[in-house]
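The structure appears below as structure tokens.
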Amino acid sequence: MHLKEHGVAVYGFGDAKTPAPFQSACTRFLVLDQLELPDDGEDDPGDGGGEVGDASPGDGDAARPTAKKAKKTAKKTADTTATKKAAPPERATRAQLRGDGRLVALLRRAVASASDDSGWARIGTVGQRINNQSSFDSRNYGYAKLSKLIETSELFEVRGAGTADMAVRDPRAR
1 MHLKEHGVAV YGFGDAKTPA PFQSACTRFL VLDQLELPDD GEDDPGDGGG
51 EVGDASPGDG DAARPTAKKA KKTAKKTADT TATKKAAPPE RATRAQLRGD
101 GRLVALLRRA VASASDDSGW ARIGTVGQRI NNQSSFDSRN YGYAKLSKLI
151 ETSELFEVRG AGTADMAVRD PRAR
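Numbered according to full-length UniProt numbering, the sequence shown spans residues 1 to 174.
Right under this line is the structure:
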């Protein structure tokens, strides 16, 4: 919180069960169990190919971690989750987005603080305001972009959807 208050970007990573106070103390918090793992294209990390850092038999340093051992450990961890890739988060539906009171309040505050005299707020400015207020990440709701999440929620009027000039307005503020 001290770092964030002094303008330093604080990135947090963890599971969905990470305590809310920690998540909100971060500039951005990513829920790792909902993100996809990269596919490195290797099927068998223990294929016997020589790698830098591999321990040779009898070199007296068998306890030292090696690149090959690290890959095996990563492979075992991935196998224990039953799939090589973590399941991407399911996209939240319109009803789920509207039913999340904290999300709705966050979006409405951000739009209100970023809006001009006519009530319209550019999506980029809304995103900046959200980042200043919380550790929100639209990917945790299954949306790659904030704009798609806002469109799906149908909480706001949208102008110029899909363009760099996209703007939103809270119809209740009229």
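Cβ atoms here follow ideal geometry from the backbone N, Cα and C, with glycine treated the same way.
From a predicted model like this one, the values you see are computed outputs, not experimental measurements.
Whose C-beta lies closer than 8 Å to the C-beta of T125 among residues of the same chain, with five residues either side of it excluded?
So the list reads A114, once near-sequence residues are dropped.
Give the range of the alpha helix (DSSP H) segment to which F29 is assigned.
No alpha helix (DSSP H) holds F29; the beta strand (DSSP E) holding it covers R28 to V31.
Just to confirm before moving on: does the CB-CB distance between A110 and R91 stay below 8 Å?
Result no, Cβ atoms of A110 and R91 do not sit closer than 8 Å.
Should D116 and F29 be called a contact, given that it needs their Cβ atoms to be closer than 8 Å?
no
Can you find the residues in the same chain that come closer than 7 Å, C-beta to C-beta, to E151, ignoring five residues on each side of it along the sequence?
V158 and A161
Euclidean distance between Cα positions of G119 and D165:
15 Å
Is it right to say Y11 is buried, meaning 16 or more other beta carbons lie within 10 angstroms of its own, or is it exposed?
exposed
For A144 and I123, what's the separation of their Cα atoms in angstroms?
14 Å
Return the first residue and the last residue of the alpha helix (DSSP H) that E157 is part of.
Looking at the DSSP string, E157 is not in any alpha helix (DSSP H); the run it does join, the beta strand (DSSP E), is E157 to R159.
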